[in-house]
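Quick mapping for you: the protein sequence lines, in order, are chains X and W. First residue of the first sequence? That's 1 in my numbering, and the numbers climb one at a time after it. First residue of the second sequence? That's 1 in my numbering, and the numbers climb one at a time after it. Ideal Cβ positions, reconstructed from N, Cα and C, are used throughout, including at glycine.
Number of protein chains: 2
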Amino acid sequence: MNRSHRITFIVILIIVPVFLLALFYIDGDFWNKTSTQIWSFSRISSCKTHAQVQDFPKPNIGPFLNGNPPSCTCQNAPPANQFVSKDELEDLQKRRAEEYRQHQIRMGKQNDVLLLAPANTPLQYPIKGFRVTPMKKTLIPGLVLQTRMRTLYKVSLSVQKGVLSVMDVQEGEHVDGQNAINLTISSSSLHQLNDLLNRVTYTSTVYHIKTEDLAYFSFENHEVIFPIVIRRPSVPVLFDSGKDINSQVTILVKAFLRYKELHVLIKSIRQFYPNIKIIIADDSHNPEKVVGDNIEHYIMPPAQGWFAGRNLAVSQVTTKYFLWVDDDFVFLNETRIESFVKILEAVPDLDVVGGEVQGNRFFFRLQYEEGSSEEGGCIKRVRGTHTPLPGFNGCFYADGVVNYFMARTDAVRRVGFDPFLKRVAHTEFFLDGLGDLLVVTCKGLRIGHQKKSSTGKYGSYRHPPKSDSRNKISHHYFKNHLKCIRY
Amino acid sequence: MNRSHRITFIVILIIVPVFLLALFYIDGDFWNKTSTQIWSFSRISSCKTHAQVQDFPKPNIGPFLNGNPPSCTCQNAPPANQFVSKDELEDLQKRRAEEYRQHQIRMGKQNDVLLLAPANTPLQYPIKGFRVTPMKKTLIPGLVLQTRMRTLYKVSLSVQKGVLSVMDVQEGEHVDGQNAINLTISSSSLHQLNDLLNRVTYTSTVYHIKTEDLAYFSFENHEVIFPIVIRRPSVPVLFDSGKDINSQVTILVKAFLRYKELHVLIKSIRQFYPNIKIIIADDSHNPEKVVGDNIEHYIMPPAQGWFAGRNLAVSQVTTKYFLWVDDDFVFLNETRIESFVKILEAVPDLDVVGGEVQGNRFFFRLQYEEGSSEEGGCIKRVRGTHTPLPGFNGCFYADGVVNYFMARTDAVRRVGFDPFLKRVAHTEFFLDGLGDLLVVTCKGLRIGHQKKSSTGKYGSYRHPPKSDSRNKISHHYFKNHLKCIRY
Chain X
1 MNRSHRITFI
11 VILIIVPVFL
21 LALFYIDGDF
31 WNKTSTQIWS
41 FSRISSCKTH
51 AQVQDFPKPN
61 IGPFLNGNPP
71 SCTCQNAPPA
81 NQFVSKDELE
91 DLQKRRAEEY
101 RQHQIRMGKQ
111 NDVLLLAPAN
121 TPLQYPIKGF
131 RVTPMKKTLI
141 PGLVLQTRMR
151 TLYKVSLSVQ
161 KGVLSVMDVQ
171 EGEHVDGQNA
181 INLTISSSSL
191 HQLNDLLNRV
201 TYTSTVYHIK
211 TEDLAYFSFE
221 NHEVIFPIVI
231 RRPSVPVLFD
241 SGKDINSQVT
251 ILVKAFLRYK
261 ELHVLIKSIR
271 QFYPNIKIII
281 ADDSHNPEKV
291 VGDNIEHYIM
301 PPAQGWFAGR
311 NLAVSQVTTK
321 YFLWVDDDFV
331 FLNETRIESF
341 VKILEAVPDL
351 DVVGGEVQGN
361 RFFFRLQYEE
371 GSSEEGGCIK
381 RVRGTHTPLP
391 GFNGCFYADG
401 VVNYFMARTD
411 AVRRVGFDPF
421 LKRVAHTEFF
431 LDGLGDLLVV
441 TCKGLRIGHQ
451 KKSSTGKYGS
461 YRHPPKSDSR
471 NKISHHYFKN
481 HLKCIRY
Chain W
1 MNRSHRITFI
11 VILIIVPVFL
21 LALFYIDGDF
31 WNKTSTQIWS
41 FSRISSCKTH
51 AQVQDFPKPN
61 IGPFLNGNPP
71 SCTCQNAPPA
81 NQFVSKDELE
91 DLQKRRAEEY
101 RQHQIRMGKQ
111 NDVLLLAPAN
121 TPLQYPIKGF
131 RVTPMKKTLI
141 PGLVLQTRMR
151 TLYKVSLSVQ
161 KGVLSVMDVQ
171 EGEHVDGQNA
181 INLTISSSSL
191 HQLNDLLNRV
201 TYTSTVYHIK
211 TEDLAYFSFE
221 NHEVIFPIVI
231 RRPSVPVLFD
241 SGKDINSQVT
251 ILVKAFLRYK
261 ELHVLIKSIR
271 QFYPNIKIII
281 ADDSHNPEKV
291 VGDNIEHYIM
301 PPAQGWFAGR
311 NLAVSQVTTK
321 YFLWVDDDFV
331 FLNETRIESF
341 VKILEAVPDL
351 DVVGGEVQGN
361 RFFFRLQYEE
371 GSSEEGGCIK
381 RVRGTHTPLP
391 GFNGCFYADG
401 VVNYFMARTD
411 AVRRVGFDPF
421 LKRVAHTEFF
431 LDGLGDLLVV
441 TCKGLRIGHQ
451 KKSSTGKYGS
461 YRHPPKSDSR
471 NKISHHYFKN
481 HLKCIRY
C-alpha cells in the first residue's frame, strides 16, 4: 500500500473517532471537557456518577440546626428586666433560662432542622406524610433505587430512635442488620433490590407520643436524609352543638361587687334568650345569691381576680362555644349572638370572633420577634388588623379583640386565662394565645354598655396602684420569655 | 488501491466506531440497548434524560391523600350507637358527621399528604424545616439546578396559597411572574440561574396561623413537590417554679359532702406541708366553710359533679404542677411529693406522673384504632404499661394512672376534665388526653386511703343508676367519635 493510501488510512483512523465522539457531545459539553474526562465518560454516562464529576460537588444536605435567633429591639420600651427587683434578678434569670430550656425540649426544637433533597441521586424516598405509631412496625413507603446496570447493587439505611427490618426475607435475598439501627440490602438484580426496599419497615424503640427520627438512606457515594414522624394517634374531642342557640352557646360573666349592673345585664339577656345558660364567676367579699333558671353562680374566695374568674367560668362550659360579656354590658334589640355562631360554623378554623361594645371594636395586632434564647423576645401591640375574612363583609383577622367575643370552648381552654393577673388584664390572654388562636373582629355585632356608676370600693380595685403594673411586666418577663413589651 | 486494501479500509471503518461505542458501554448497558437508544445516547449521557429512558418511568411522587382508614372492631363490646335512643340516632349521627368534618379541617387533615422525592432529578430543594411566617416574605433555602450544559436553562416554580418572587433582579436576568403564583426563571448560564434560584422568596397571601402550602419546582420534564409550613410564631408560656415545693405545686381536692374525711386529709397535708396551697372545689348542697392559711375554697352550684370540680380546681392553679388527691386520702409519713417534682423536672416531656394509693397503682393502656370516618374509632382499656422510663427505676410509661398523680398544669388544662361527666369518671380524662399527655406510673410514691365510711347520701351519688352509664357511652359515641368502647 503506497504512501497516499497510508495517509488516507491514518486520516480515517483519526477522523472517524473524533467525528463519533463529537456526536456524543452534540450538546457542546465536549468543548469544555479535559481528555481525562473524555476517557472517563463511560462512567459519566450514568447518573450515579454525576455527583462524582468535579462541577457537581456532593451537596451538604443537612440536617442543619435552625440556630439561635438574633437579639430583638422594641423602640421606646424599657427592658422588662428593669421591673424585676435588683436582688432577685440573677436568680430569676437562672430560673427563666432553665424553664426556657425545658420549653424548647417540649416544643421539639431539637427536631427543628432544615433538610435538603440533593440533586441527581438515584434514590427515591418519602419527604412528607410518613407517620408511624410509637413501637408499631410500619412499612416505609416509596423507597426505590433507579440506576444503570451494575454487577451488584447495595443500599444502606440507618435510624436512631428505632429499628429497621425487611418483611418476609426469602432465601437468596441478602439483608444485613434485621431489627437493628443499620440495615444493608444487596442484590445482583435491581428488580430484586427494589422488591426488598418495598418491604422495609421502621419500628420506634423509644416510647414517645410526639417525636421524630431521621433516616439516612445511601447508595455508593449518594446519601439522602428523610424524616420519620412518630405520633400517638389521639381521639377526637367533639362538641354536640345540638339544634338551637341554647345547646350551642353559654354566656360567661365575671362578677365583682356590681350586682346592680349584673342584674340589669341578666334581665337584658333573658329578654332575648330566655333559656340560654349563664355562668357567673363571683369573687365579691360578701357575695349575694344570684338565682334563676339556667344560671350557675360560682363563689370564689374574695378578690381572686379578673382572669381567675374568667378561667373558672370557661372551665365549667359544656357547649361548643361561649360568649364573653362584662357585668356592666347590656343586650340591645340588635344584639343577635346567632351571627357569631354562623361565622364560627362556616369557618371551622376560627377560634375567636369579636364584636363591638357601644360602637367600639378595639382590635389590635401583636408584632412579635422571637429574640435570642438568652434575652427573650420583643412584643409590641399596635392598632390594626390582618386581611379580611373571605365571605364575611366587615370581618378582619386580628390578634386581639374587645371584651365582647364568642369563642370555641376547647380552643380557649388550651390557652387559658392566667389566674395570676388579678385586675387590669385582657391583651395578656391574646398574647398567650398568639399562634394558637385564629381571631377575627367583625363590624355590626353590637352590645351595649351600661352607664358608669362604679362604687368607690369597685373603683379602688378597677384602678390598681402602680406596683401592680410593675409586677405584671416582671411576670411577663419570666412567663413569656420577653426582653421588652410595648402596649 | 487494490481489493485487499479496500477491505482493510472498510473493516477499519466498521471496527473503530464499534470499538469506541463499546467503550462507552463498558458497564454492560450496551447489550441491553436498542439501536434507537444507542443513537440517542448523547442525550442519555446527561442525567436530565435518565427519566426519559424506558426503564426509568417518570415516578408518581404525590401528593397522595392518606385515605379513609378501614373500619375497626372491638370484640365483646356492643356498638356505642346502641346506647343512643332510637328516635334521636339519625339526627345525632348527622350532627356527629358534621362536627367530625370540622374537626378534620381544624386538624389540617387536608395537608396530611404523602410526598416522595423522585430519583435522578437535577433539582435540589428543601424537604423539611422550611417554615414561613404568614404574609411575610421569606427566602426559600436550598434551591439548586445541577445539570449538564445547555444553550438555555429554564426552571419553573408554582404555589397555591402565596406568591413567589426573585429578590433584586438585575437587567439581563430573565424572571417571569414576579409576585405571582407561577414563577419562571431562565438563563443561558447555569451559574446565573442558580444565583437567581438563591434569591427566590415565598410570601403567603391567605392569612392563617397554622397551615401549609405545596411548591411545585420543575425543569424540563422533571418535577418535584416540596412543603412550605406556614406558622405564626407563638410566645412561650413558662411557669416560675420558684425555690421550694410551695412555689412548685398546688394540691387539688374535689369535695362533696364528706367534710369529716376532708378535714382528716387537710390535717395530714399540713403535718408535712404546712404552707403548700390547697384548692378545694366543693359542690355540696349545704357547703360548710373550710378555712385556713393557703386554703382556697370554691363553692359550686350543688352536685355539679366530679369532673366539673376537677376542671374548676385546675383552672385556679398558678404553679407549674398540681397534685391531685381525693377527699378521703390521707398523707402518710412516707408521702413525699418532692419525688414527683424530681421526675417531672428531669424529663420535661412528661405531663403526668401517677403514684400508688394504699399500694394500688391502677395503671392501664388504651388500644385505639381510628376506624372509618363514618363509623368512628374503637377503643379498649387494658391493664398494662409501655416501656420503662429510662433512669427512673419502677417508673413505666402508661396511658392512664390512679387518682393520685402530679401533672403539669398547662398540659392538663389543654386537655381538661369534661364537666359533662358528673359522677363515675376517670379513664375519660386519659382518653381525651391520648396522644397529648405523656404519662408514667411509678412504684413507691405512696399515699393512704381513709377507712370507707361514706354516708348514705354520698353513696347514692357515688353509685349512680344504670341510666348514667348509658348516657355516658352515648356521650362518648358523639364526643370521641367512637364506634365502640370497652373498659
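Chain-order list of residues whose beta-carbon lies under 7 Å from that of residue i (same chain, five-residue window excluded)
i	result
E334(X)	R446
P141(X)	P126 and F130
N68(X)	S372 and S373
Pair within 8 Å by beta-carbon distance, residue i and residue j
i	j	result
Q316(W)	E288(W)	no
D112(X)	Q160(X)	no
V402(X)	G371(X)	no
I127(W)	A117(W)	yes
V166(W)	R199(W)	yes
Y259(W)	R381(W)	no
I280(W)	Y298(W)	yes
L350(X)	S234(W)	no
V412(X)	V314(X)	yes
Y153(X)	L193(X)	yes
H449(W)	F329(W)	yes
V352(W)	L389(W)	no
S241(X)	F331(X)	no
Rounded separation between residue i and residue j - CA only
i	j	result
L197(X)	R96(X)	48 Å
Y125(W)	L143(W)	5 Å
K136(X)	R408(X)	34 Å
E375(W)	L482(W)	7 Å
L139(X)	L438(W)	25 Å
P387(X)	P301(W)	Sequence inspection shows Thr at residue 387(X); the Pro mentioned does not correspond to that position. Spanning the two alpha carbons is a distance of roughly 43 Å.
N246(X)	Q271(X)	14 Å
D432(W)	Q358(W)	27 Å
K33(W)	P122(X)	Low per-residue confidence applies at K33(W): pLDDT is 28, beneath 50, and the placement is therefore not dependable enough to give any value.
Y100(X)	Q248(W)	16 Å
V237(X)	E171(X)	49 Å
N120(W)	Y404(W)	58 Å
E428(X)	T147(X)	58 Å
F307(W)	D282(X)	20 Å
S42(W)	E220(W)	Because the pLDDT at S42(W) is just 27, under 50, the model does not fix this residue reliably, and the value given afterwards should be weighed accordingly. Cα to Cα, S42(W) sits roughly 17 Å from E220(W).
F363(W)	D327(W)	20 Å
S469(X)	L89(X)	17 Å
Option in the options with minimal Cα separation from residue i
i	options	result
K320(X)	M406(X), K443(X) and E356(X)	M406(X)
H222(X)	L157(X), T133(X), Q450(X) and Y298(X)	L157(X)
E345(W)	F329(W), W306(W), G384(W) and G391(W)	G391(W)
I228(W)	F219(W), K243(W) and S204(W)	S204(W)
M149(W)	D168(W), S189(W) and N294(W)	S189(W)
P348(X)	K109(W), N294(W) and Q75(W)	K109(W)
V290(X)	A303(X), R310(X) and E261(X)	E261(X)
G62(W)	N311(W), I230(W), A215(W) and L89(W)	A215(W)
T151(X)	R383(X), S187(X) and D436(X)	S187(X)
Other residues of its chain near residue i: CB distance less than 8 Å, five sequence neighbours each side excluded
i	result
G177(X)	L164, L183 and T184
F217(X)	L123, Y125, L143, V155, S156, L157, E223, V224, I225 and F226
Own chain, CB closer than 6 Å to residue i, minus 5 neighbours either side, in chain order
i	result
F30(W)	Annotation note: pLDDT 28 at F30(W) (below 50); position unreliable, no value reported.
A425(X)	W306 and F307
S45(X)	In this predicted model, S45(X) has a pLDDT of only 30, less than 50, meaning its place in the structure is not dependable enough to derive any value.
S284(X)	F256 and L257
L323(X)	V249, I251, I337 and M406
C514(W)	No answer is possible for residue 514(W): the residues shown for chain W start at 1 and end at 487.
Proximity test, residue i beta-carbon vs the ligand PLP heavy atom, cut-off 7 Å
i	result
W324(X)	What this structure holds is no ligand at all, so the ligand PLP is not there to describe.
Is the segment 413-433 of chain W touching the segment 248-261 of chain X, taking contact as three or more C-beta pairs under 8 Å?
-> no
Report yes or no: do three or more beta-carbon pairs, one from the segment 464-479 of chain X and one from the segment 360-368 of chain X, lie closer than 8 Å?
-> no
Per the contact definition of three or more C-beta pairs closer than 8 Å, is the segment 73-86 of chain X in contact with the segment 75-84 of chain W?
-> no
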